[in-house]
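Only one structure is covered here, and it is reproduced in the block below.
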Amino acid sequence: MEKEEFINLISEKMKLVRTEQGFSQDKMSEILGISKKTLVQIEKRRTEANWTTVVAFCALFNHSELLISSIGDNPVDFVQLIASKNGGTPKEKTMGGKIWWKEIEYREDFRLQQNLISNHYRILDQYDYRWHSSFNKEESLSRLNELQEAGTIEIDRGTGMGIYEE
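Residues 1 to 166 (UniProt numbering) make up the sequence shown, in order.
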């Protein structure tokens, strides 16, 4: 998904999330730091939110069921993926892809998954920590090979994070 597509998707969902959260247009515009007039224009689909508003919206409403089900992933992680375009985000614990993800390939301690909604890819280790995210399948397969060749994963008891053991 490209940045423009994501902006369009979030702009479409703003009114629904606002009503889901029980906010008036006045309150929502105050929360987002935009004018009520701008919010009304976005909700009536006369214009789209700008990138800054989309980022703020995703950060502030990242627990919205409607937003999560529209994206198929944590909204903040998705913003980071689009912003970085290289998937170089730090590893973090995930739920393992029980919902919205299909398994593409396994390599020893790692697995490549594809999101069923946005079609982006991620690599998880055997403990469900995310090591890579990208929209590019070839890049993700290459990273999967790199991780597999680097060694096995063990959990650091102090941090709970996966670490390489060669």
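We put the CB at the ideal spot given by N, CA and C, even for glycine.
Where residue i falls: helix, strand or coil (DSSP)
i, result
"residue 24", "coil"
"residue 19", "helix"
"residue 35", "coil"
"residue 44", "coil"
"residue 1", "coil"
Residue i versus the options, residue with shortest Cα-Cα distance
i, options, result
"residue 16", "41, 32, 67, 6", "67"
"residue 92", "98, 128, 79, 121", "128"
"residue 107", "123, 50, 13, 57", "123"
"residue 49", "27, 12, 101, 139", "12"
Exposed unless 16 or more other CB atoms sit within 10 angstroms - verdict on residue i
i, result
"residue 88", "In this prediction, residue 88 scores a pLDDT of 46, lower than 50, which makes its location untrustworthy; the coordinate-derived value is nonetheless stated afterwards. Per the 10 Å Cβ criterion, exposed."
"residue 76", "exposed"
"residue 19", "exposed"
"residue 43", "buried"
"residue 39", "buried"
Any non-hydrogen atom of the ligand NAP closer than 8 Å to residue i Cβ
i, result
"residue 105", "This structure lacks the ligand NAP; in fact it carries no ligand of any kind."
- Message: Report the start-end ranges of each alpha helix (DSSP H) in the region 49-137 that is 4 residues or longer and not cut off at the edges.
- Response: 51-60, 65-71, 75-84
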